[in-house]
Every structure is written in C-alpha cells, then in structure tokens.
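Report on the following structure.
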Amino acid sequence: MIDLTLPARLLARRCLARLAAQDPVAAQLHTLQRLVRRAAGTRFGRDHGFARIRTPEDFRAAVPLHRWEDMWQAYWRGTFPVLDNVSWPGRVPFFAVTSGTTTGRTKHIPVTRAMNRSNRDAAIELLAHHLGARPASRLAGGRMFMLGGSARLDRLAPGVRAGNLSGIAAATAPRLGRP
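Residues 0 to 178 (numbering that gives the first Met the number 0) are what the sequence shown spells out, left to right.
Structural data, given as structure tokens:
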C-alpha cells in the first residue's frame, strides 16, 4: 500500500494558503457571476434573465425558489431524459436517482460534469482542512473502509445514465481513485 500522506500534506498546505488569501464575500460574488454567465444561454437562464444578473440581489429578484416538482413540470419533464441546454449548458450526462423522500416518488436529480468537478474540489478542500487540523493523520497509510451505494448505472439515452450518486462518483473518478 502506498502512503500518500506526504504529497497530500504538500497539496493541502497550498490549498489552505490559497483559501486563506481569499476574501469570502468576493469569492462568492465571483462564483455567482460565473455560474449565471455560464447558464445565461440555457432555457432556464433566458427565462430568468441571467444575462442581466450582476449581484445576489439581482439573482433573488429574478429567480424565485423552485421545488424539484416545479423544475420537473416547467423544465425537465418534456425532454427527459435528454436535457440539452435546459437548466445547465450542454447535455446532462447523469441523473442521481432518489428514493422520493417527501412525495414517495422516485426523483431524477440532474448531475452535470461541472457539478462532479465541484464535488471533487470540495472533497479535496475538506481533506486539506482535515490534514491542517490533524497534522498527525495519515492518508491511505493503513486500512481504510469506504461504504457507498450501488455503482450500477442504467443507460437512459445516448450519453445519459442514471443511478445512485455513489455510482456516478465511481464512474467519473480519476483512474488513480478507482481501485
């Protein structure tokens, strides 16, 4: 087994230094602006005037809260499972399947490549914070146990698969992380 602690600590230090140098309010504003610019050409973005949004106040005024059922009825149901430029640019390649929670019906939650990247970045930042707070911790230096859901994905359409979020994460993990 390879102990990845030393390289992970070096990356963690760089990550924590970058985060410490950021102004959180400015970083959040930049993220909002980047996201609305990116989604401005989608059907949802056009319907809500994303091209004119510059501030959180603009966003709140232009985009009311939407429940999953609202998005399903207004945006996703008509073309499901192929969502091309509907609520995010390009084709949604994955849907996370839920147990239905409040309604008891199975729900398909769109999962984009950008969302997967964001989740991976968040996991790396979480690991950096862990290593920063627990300097004696070893990464993959001993036994590990990881429990996830089913890795099986069902093909819904060309380029579109659905399943447990664990399966989507496994299918999109870098090769090094798959074993």
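Backbone N, C-alpha and C fix where the C-beta goes; we use that ideal spot for every residue, glycine too.
Ranked by how close their Cα comes to the Cα of G162, the residues R174, S149, A39 and D22 have S149 in first place. Residue state for V35 is assigned as helix, using DSSP reduced to three classes.
In the DSSP assignment, F43 falls within the alpha helix (DSSP H) that extends over R42 to D46. Per DSSP, the beta bridge partners of D83 are R90. Among the bridge pairs identified by DSSP, H107 is matched with V96. For L138, the CB contacts under 6 Å within the same chain, skipping 5 residues up- and downstream, are L3, T4 and A7 in chain order. In the three-state reduction of the DSSP assignment, L28 falls in the helix class, which pools H, G and I.
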